[in-house]
Amino acid sequence: MIGRLGIDDVRPVVSHRALPSKAVVGEVVPVSALVWREGHDAIAATLNVFSPAGAVERILMQPERYIPDNVHAVFVPDEVGLWSFRIDAWSDVVATWRNAVVKKRDAGQSAVDMSNDLLHGASLFERAAKGVPASERPLLLGAAEDLRNDALDLNARLEVGLSADVAELLAEFPLRDLLVEGEVHEVKVERAKAGFSSWYELFPRSTGAEGEHGTFATTAVALERVARMGFDTVYFPPIHPIGEINRKGRNNTLTPDPEDVGSPWAIGSADGGHDATHPRLGTMDDFRAMIARAEELGLEVALDFALQAAPDHPWAAEHPEFFTVLADGTIAYAENPPKKYQDIYPINFDNDPEGIYNEVLRVVEFWIDNGVHTFRVDNPHTKPANFWHWLIAKIHENHPEVIFLAEAFTRQARLFGLAKAGFSQSYTYFTWKTSKEDLIEFGEMIRDAADVSRPNLFVNTPDILHESLQTGGRAMFALRAALAATLSPLWGVYSGYELFEHVPVAPGSEEYLDSEKYQIRYRDYDAALANGDSLEPYITLLNQIRRDHPALQQLRTLRFHEVDNDQILAYSKVDPITGDTILVVVNLDSYWPQEGTVHIDFDAIGRKPGYFGVRDLITGAQYTWGEHNYVRLEPRADVAHIFVLPPVAEDRREQLAWRDMTEYRG
């Protein structure tokens, strides 16, 4: 806005303030703006932060050293809810006075020459004394008294007024003239797990003994291994009854055998719909017992929420208006040409929006009442965004702890649009980003969008077996895990990844052979681990490193460093609160050793040029690094270095939180 003083380009801002930006409890939130005025008098700004409980914090904003008129500050929300902030600009008359008298004194002017300046300063300190605590007033009144005392020499008259004690006091209690209040910006703050979590996906029906259908009881046992690997969220595909009509067979065939179990995403049968469990998995009592076991293990269960129905879902008979009825009276099944999903009816939100909205709200609240607080939403980009905005807001009215992950592998506008609509986390195109150039572009994109979207980097899914995993060998599985676990605070693994499953159903396909979507898959994880055929130890170590190092729980401080080899990627992260600093160097070639020189961007790691010690958290090796550093990575031994550096000094940490916001302006 432009008032008596200008306040422009306030950040963070989403959709011109129509929607809140994002943060989580404990996250450092950077705020910046351009503040300006006519002439050369000093201008300053205050960040006013308002908590959901009504507490107000006022923070003096600091000038950016590289870009004129830019100011910045940070705040750390400590409770879930809708926060807000406002930037106020004001004329800093004390700073203007200080600048003038120092220049005149240094130019040799006398006390007589500066008599008006000295008297003006005295009046400023007398005014400022009215706005500080009573115990601090003598300092300012003493400064005013000295300025008026012509028995003292010039330096003595100025000494207190120019002292660090006075500057520190007025930084906390400034004298603000020509105050202009900016516009209010909102920040939706969710619980910390919305911003930092490690996900593991498994099919409960595949947790039984070989040849047997799993249950909630066998799933509870399987969760022990998931917890040992260091994951904190376990995600289940749909656990509801599966349709009998048009059921798919193994490898998505249209001719199932009688024993074929069908796709869990074909939800609903005579046994119930979205508010029921598959009879072979167990009852709701069994489900709640499994949830209790997960909580004992430190795991949170995330349920798949797929808004679609099998032809024999109760909705098809009771609410045909929820679907698209064709001219011949049949209900249209799902299609994504050339793919056909004869076992699924998509919801038509235009036919009966009120009925659909209320029914969906009822279903979500049903699962919340039964202990579920995280939902992975299937294909949300095929449903109206305003529906999601309504549903998530409605749920958060009474359950602000609930997390929604958008499974939307879609164009950027849709992905970010869903995030703006309220989704806590988002799938991304990480799976397809394999070259150094693409990974840097992707990393900078997710970092710069941190106010809007929280990216969850899954290395694979039941639908996505990327070509790199099919052909890259075991080292590719390790390096992709290292990338996902360190580029974003959120990452995920679909079961079988740790066993290096890599065979597609056909050449050129990203579908798995014998896909678990259509059949039960028994896996002997213990035997693979005993034989050294498992990535479990490496994944466990990655999750341990993530928990131990707050830097890897950050997204906004991701910075890339130059390496003179297109097969080596280097990047760093810093935690602005603790100063914890991590530097990751990854060999993108899963078959051949690669070597090169890593050129450190010292500003990116918050320190002055020089030498520093690094310790590899993977191998324990220690090195001394400086500006230019030789590396060699051998895929058969180490696909990546994850170095911990000495912590960043406290006075440099805030700068790292907002640095790229100002670079973008520049």
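Heads up: the sequence shown runs through residues 1 to 666, numbered per the UniProt record's numbering.
C-beta atoms are modelled at their ideal positions from N, C-alpha and C, and glycine is treated no differently.
Quick caveat: nothing in here was measured; it's all calculated off a predicted structure.
At least 9 Å separates the beta-carbon of His185 from that of Ser32. Taking a C-beta distance under 9 Å as the contact criterion, Phe203 and Pro237 qualify as a contact pair. Residue range Ile568 to Val574 is occupied by the beta strand (DSSP E) that includes Ser572. Residue range Gly6 to Arg11 is occupied by the beta strand (DSSP E) that includes Ile7.
Closest in alpha carbon position to His396, among Gly81, Ile43 and Val35, is Gly81. Rounded to the nearest angstrom, the gap between the Cα atoms of Pro63 and Arg176 is 16 Å. For Lys339, DSSP records a beta bridge to Asn336. Per DSSP, reduced to three states, the secondary structure at Trp199 is strand. The DSSP-derived three-state label of Leu170 is helix. Taking the Cβ atoms as the reference, Pro550 lies roughly 11 Å from Arg653, outside the contact range of under 8 Å. Linking Ile464 to Pro174 through their CA atoms gives a straight-line distance of about 57 Å. Looking at the DSSP output, Tyr66 bridges to nothing.
Leu281 and Ala334 have their alpha carbons spaced roughly 26 Å apart. Three or more pairs of CB atoms, one per stretch, sit closer than 8 Å, so the segment 565-585 contacts the segment 633-647. Nearest to Phe196 by C-alpha distance, out of Trp90, Gln470, Ala485 and Val639, is Ala485.
The segment 239-251 makes no contact with the segment 551-559: fewer than 3 CB pairs, one atom from each, lie closer than 8 Å. Put simply, the segment 324-333 does not touch the segment 361-368. Fewer than three CB pairs are less than 8 Å apart. Asp638 and Thr619 do touch by the CB rule: their CB atoms are close to 6 Å apart, below 8 Å. Of the candidates Asp41, Pro320 and Lys248, the residue whose Cα lies closest to the Cα of Asp514 is Lys248. In the structure shown, Asp88 falls within a strand segment according to DSSP collapsed to helix, strand and coil. Less than 9 Å separates the beta-carbon of Ala266 from that of Asp343. Fewer than three pairs of CB atoms, one per stretch, sit closer than 8 Å, so the segment 43-51 makes no contact with the segment 148-163.
Around the CB of Arg454, 16 or more other CB atoms lie within 10 Å, so the residue is classed as buried. The criterion of a C-beta distance shorter than 9 Å is not satisfied by Thr218 and Ala227. Remark: fewer than three beta-carbon pairs, one from each stretch, lie closer than 8 Å, so the segment 439-458 and the segment 52-61 are not flagged as touching. Residue state for Thr581 is assigned as strand, using DSSP reduced to three classes. The Cβ-Cβ distance between Leu152 and Leu119 does not fall below 9 Å.
Going by C-alpha positions, Val76 is about 11 Å away from Trp83.
Under DSSP, the beta-bridge partners assigned to Gly272 are Ser269. Between the alpha carbons of Lys340 and Tyr357 lies a gap of roughly 26 Å. If you draw a straight line from the Cα of Pro462 to the Cα of Ala604, it is about 37 Å long.
In this structure, the beta-carbon distance from Tyr518 to Asp260 falls below 9 Å.
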